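Take a look at the structure below.
Numbering (mature numbering (1 follows the signal peptide of the UniProt record, and there is no 0)), first residue to last: -27 to -1, 1 to 295.
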């Protein structure tokens, strides 16, 4: 099994994928389709940038598709079938639903298509390699950031997204496991919202108004983090409620500068896209991987204290820093 970690936002091959596919190109371009969870957020735009970079390097005809929202697994399934019908040799896939996307992925594999999972897992034995964040560890990191944000009792509001998404549930699992180790953590309230900042904002505002004792709010992906932070700002609770979010978005970064956001758990979406396409090429070339072993693209905590450091800037603005 070959594993890799991306350190910062630069791509460092550490014996990965036969030395980065041994820098060889197939005689004819490979046809690979990336089926994302969404095409709208900054997270996914970064994934696409990484995928396109790998496609250019490894002679790939890359098609990128995805639904408008991160709840629409039915459209994802239709896109998977369409990719197979159009002759895709491999799919780089991020599942909206761990279970509901599985039959479409199994059918694609039965048709001879190779499967690479990035970001969010699917319940299929056909997956050849899994690439992304250790989400339970990321949940631990979010919990630690919340614990570090304030002294005294913590009353926590969790703003999570679709119950069918494996990574959101694993992040919540990790957060709860870490918080359970601390006697100063009191009540934990949980919301599952649409992965849309407007829905997250409105429902977080309602939660905070119903439970004014909450002093920490955690959003588990980019839209929920943005919405939760906007809710705290709209209610003028920045002095009394800490926000811990996921991923880098200009809105949450701005709110970190003003003190509304205490910490962001920043993933490496560019690496997910790049490695996803690279791994698909390797599998099509005959390489094999242990699908039970995650290729971890690394995650880091960015706070107001380190956001202007070189590493912090690379994490928050991967295309604007050297």
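C-beta: ideal position from N, C-alpha, C; glycine also.
Note that the structure is a prediction, hence the values are computed from the model and not measured.
Practice prompt. Under 8 Å by Cβ, that's how I've got residue 132 and residue 166 pegged, so tell me the actual separation to the nearest angstrom.
Written response: 6 Å
Item to complete: Compute the Euclidean distance between the alpha carbons of residue 194 and residue 248, then round it to the nearest angstrom.
Response: 21 Å
Item to complete: State the CB to CB distance for the pair residue 201 and residue 216, rounded to an integer number of angstroms; the pair is presumed to be in contact (CB under 8 Å).
Response: 6 Å
Fill in: Whole runs of the alpha helix (DSSP H) within the segment 168 to 230, excluding any shorter than 4 residues
170 to 183, 195 to 207 and 223 to 230
Worksheet item: Helix, strand or coil: how does DSSP classify residue 282 here?
Response: coil
Practice prompt. Flag this pair as yes or no: are the beta carbons of residue 273 and residue 234 separated by less than 9 Å?
Written response: no
Item to complete: Taking residue 20 as the reference, give the member of 88, 92 and 150 with the closest Cα.
Response: 92
Worksheet item: beta strand (DSSP E) containing residue 61: first to last residue?
Response: From DSSP, residue 61 is part of no beta strand (DSSP E); its letter is neither H nor E.
Fill in: Buried versus exposed call for residue 7 [16 or more other C-beta atoms within 10 Å across all chains shown]
buried
Worksheet entry | For residue 10 and residue 39, the rounded distance between their alpha carbons | 6 Å
Worksheet item: Got a sec? Which residues, its chain only, sit under 7 Å from residue 78 by beta carbon, not counting five neighbours each side?
Response: 53, 66, 88, 95, 97 and 99
Worksheet item: Between the segment 22 to 42 and the segment 54 to 73, do three or more beta carbon pairs fall short of 8 Å?
Response: yes
Practice prompt. Could you spell out the range, first to last residue, of the beta strand (DSSP E) harbouring residue 298?
Written response: An answer regarding residue 298 cannot be provided, because it is not within the stretch -27 to 295 covered by the chain.
Item to complete: Report all residues from its chain with a CB closer than 6 Å to the CB of residue 242; omit the five preceding and five following residues, and keep chain order.
Response: 16, 19 and 20
Worksheet item: So residue 160 is in the beta strand (DSSP E); what residue range does that whole segment cover?
Response: 158 to 165
Fill in: Burial state of residue 255, where buried means 16 or more other Cβ atoms lie within 10 Å
buried
Worksheet item: Shortest alpha-carbon distance to residue 225 belongs to which of 60, 180 and 170?
Response: 170
Discussion item. Taking the straight line between their C-alpha atoms, what separation do you get for residue 61 and residue 219?
Written reply: 32 Å
Worksheet item: In angstroms, rounded to a whole number, what distance separates the CA positions of residue 212 and residue 127?
Response: 15 Å
Worksheet item: For residue 223, is the classification buried or exposed, using 16 other Cβ atoms within 10 angstroms of its Cβ as the cut-off for buried?
Response: exposed
Worksheet item: What beta strand (DSSP E) runs, 3 residues minimum, are completely inside the segment 76 to 128?
Response: 87 to 91 and 100 to 105
Worksheet item: Near residue -7, what residues of its chain come up, given a Cβ to Cβ distance below 8 Å and the 5 sequence neighbours on each side ignored?
Response: With a pLDDT of 46 at residue -7, under the threshold of 50, the modelled position of that residue is not reliable, and the figure given next carries that caveat. So the list reads 31, 251, 254, 255 and 258, once near-sequence residues are dropped.
Worksheet item: So residue 69 is in the alpha helix (DSSP H); what residue range does that whole segment cover?
Response: Careful: residue 69 lies outside any alpha helix (DSSP H) and carries neither H nor E.
Worksheet item: Measuring CB to CB, does residue 4 end up less than 9 Å from residue 50?
Response: no
Item to complete: Put residue 289 into one of helix, strand or coil per three-state DSSP.
Response: helix
Worksheet item: Is residue 275 buried or exposed, if buried means 16 or more other CB atoms sit within 10 Å of its CB?
Response: buried
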